[in-house]
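**Q** Residue numbers (the working numbering), protein chains in the order written: chain A, 71 to 433; chain B, 9 to 234.
Dropping the structure in here first, questions after.
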């Protein structure tokens, strides 16, 4: 695999007991790349290898900076990563403040590009800095551990299921901070997760793993709508498309430009020019040959059929393209009887009636 | 009135125990760290050697020490450098013997404390740019503090109570090797019951305080000592 100045390159092949890891993928130098797969697929091992906590033969490079290859292995403390573990793992003998600056004070030639006050603001830690870690809630601890990782001035942020140890409430509390992070920092992130909701909300790029191998690697929505991957089989399967808010109407609806198509959504808290993720659940999309003249459904958008994949005996996923160039895929889950009665075929132009559009994330 | 017969062994004992404890912390910490971290197959062998004084009769340990410290052993060899014929029957010899004798009481609690920390805090420190030495000093040692305290208290107390080894390698030289336990034995032998009572009661109270201290330290840190 070629080393590219603009990507994170991971190429590992080795045995761990009876488990065989054989992965090769590249992730972009910006945005969040989710390593997704069931437990035991090797995703945490990959993350630990990137951090240098584990030595599996192979090569790892961040841009042109080689961290590991067949001749060299850089030890973990010489790799500029920020690692957020599943459990916050704050140092119990240090205050929150001293936890936060532990890595910053050790970062070699720290130019201090990521400043203490900014991190404290971004993660809402100002009222916590002088406390003892033992007196924080789970969500607060994880925020501190993220801040601690950021302040070590990383070139790459590694997150190992940072939300999975938190309960529902703590998760809801911390997710907006992740989105703020995503929007405000240019540090690339490798995020290990097995939660598709986290992927939809946070990931830009997806690496799907199974049994120690890479099954698929692509931008998020390409992966979600790929008929060869199992995502489409899920009942609440959704496509996630990036869009920009163009208008917020007085009646509360926002117009969002998604690959040249205007989609309406509830505009609560949205601002013009804001980038949002439009989540289109397949079972909320129905298809018509013509534009219904009278309908309560707001979003009646022209689309082109890219492919039709049977789902069980009665249903089918109709893959649709929103954009004229054939990109921006989303899916309609319809009955096979409807496919037959409308005589739907690939390349047909149809009207997709999208009952509801939710925004997976705003940023 | 208490005589110099009583004060001299007390002073000597405290001196011996203090020096031994300091040396044990210096020598025992790296051993404890290695035992806690290593995956070497020699680990359990080393751990067993360190633990030997727990079960070995002190006279046996003393006998071998006598040979090692004596004129024909290492004692003669190194003693020659500082103008001594032997290290047996000297205060320095007692220190050497006490370090070996009390070693398990210091190494074991520190090792347990290091092991109780687990891998994670050290991994976190590594990803935050701390070098191995830095991780040891800034994370492992502070987190193992209760183990150090317990080890120091136990090592000190165990050295204070030492008898068999001392009798074998130190004999009974006033002001040089005549420590508390030997002095009590001596007082009883010479029917000086009053002095024997005073020293014994003192040891009883001391031992009580030590064990209470250790169990309180252990409880506070939630770690097992043994």
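Glycine included, C-beta positions come from ideal geometry on N, C-alpha and C.
For residue 134 of chain B, which residues of its own chain have a beta-carbon under 7 Å away from its beta-carbon, when the five flanking residues on both sides are left out?
**A** Close CB contacts of residue 134 of chain B within its chain, under the 7 Å cut and outside five residues either way in sequence, are with 143 (chain order).
**Q** Would you check if the distance between the CB atom of residue 398 of chain A and the CB atom of residue 260 of chain A is smaller than 8 Å?
**A** no
**Q** Chain B beta carbons: is any one of them nearer than 8 Å to that of residue 264 of chain A?
**A** no
**Q** Are the CB atoms of residue 356 of chain A and residue 402 of chain A within a distance shorter than 8 Å?
**A** Yes, they are a contact pair.
**Q** Within a Cβ cutoff of 6 Å, which residues of the same chain sit near residue 104 of chain A, ignoring the five residues on either side of it in sequence?
**A** 261, 263, 269, 273 and 276
**Q** Chain B partners of residue 147 of chain A, CB-CB under 7 Å?
**A** 134, 137, 138 and 139
**Q** How far does the beta strand (DSSP E) with residue 81 of chain A in it extend, from its first residue to its last?
**A** Following the DSSP letters along the chain, one finds residue 81 of chain A inside the beta strand (DSSP E) bounded by residues 77-86.
**Q** DSSP on residue 226 of chain B, reduced to helix/strand/coil?
**A** helix
**Q** To which residues of the same chain is residue 289 of chain A closer than 6 Å at the C-beta, ignoring the five residues directly before and after it?
**A** The answer, listed in chain order, is 275.
**Q** So within the stretch 89-156 of chain B, which uninterrupted alpha helix (DSSP H) runs reach at least 4 residues, ignoring any that extend past its ends?
**A** 99-125, 128-135 and 140-143
**Q** Taking the alpha-carbon positions, what's the residue 75 of chain B to residue 81 of chain B distance?
**A** 6 Å
**Q** Closest to residue 147 of chain A by C-alpha separation, out of A:177, A:319, A:325 and A:334, would be which residue?
**A** Of all alpha-carbon atoms in A:177, A:319, A:325 and A:334, the one lying nearest the alpha-carbon of residue 147 of chain A is that of A:177.
**Q** Report yes or no: do the stretch 366-383 of chain A and the stretch 288-305 of chain A share at least 3 C-beta pairs separated by less than 8 Å?
**A** yes
**Q** Kindly give me the distance between the Cβ atoms of residue 151 of chain A and residue 121 of chain A, rounded to whole angstroms, as I take these residues to be in contact under 8 Å.
**A** 5 Å
**Q** If you check the beta carbons only, do residue 327 of chain A and residue 421 of chain A fall under 8 Å apart?
**A** no
**Q** Spatial neighbours of residue 309 of chain A within its chain, please: C-beta separation below 8 Å, excluding the five flanking residues on both sides.
**A** Contacts found: 291, 294, 295, 349, 350, 352, 399, 400 and 401.
**Q** Taking only the alpha-carbon atoms, compute the straight-line gap between residue 197 of chain A and residue 203 of chain A and give it to the nearest angstrom.
**A** Going from the Cα of residue 197 of chain A to the Cα of residue 203 of chain A covers about 13 Å.
**Q** Look at residue 37 of chain B and residue 167 of chain B and say whether their C-beta atoms are less than 8 Å apart.
**A** no
**Q** Between which two residues does the beta strand (DSSP E) harbouring residue 369 of chain A extend?
**A** 369-381
**Q** Can a CB atom of chain A be found closer than 8 Å to the CB of residue 147 of chain B?
**A** yes
**Q** Can you give me the Cβ contacts of residue 9 of chain B inside the same chain, cut-off strictly under 8 Å, excluding the 5 residues immediately before and after it?
**A** Unreliable positioning characterises residue 9 of chain B in this predicted model, as indicated by a pLDDT of 46, which lies under 50. The coordinate reading is nonetheless provided below. The answer is none, since no qualifying residue turns up.
**Q** Are any of the Cβ atoms in chain A nearer than 8 Å to that of residue 131 of chain B?
**A** yes
**Q** Opposite residue 385 of chain A in the DSSP bridges: which residues?
**A** A:381 and A:405
**Q** Do residue 128 of chain A and residue 194 of chain A have their C-beta atoms within less than 8 Å of each other?
**A** no
**Q** Leaving out five residues before and five after residue 123 of chain B in sequence, what residues of the same chain have Cβ atoms less than 7 Å from its Cβ?
**A** 44
**Q** Can you list, in chain order, the residues of its chain whose CB lies under 8 Å from that of residue 201 of chain A, leaving out five sequence neighbours each side?
**A** 165 and 166
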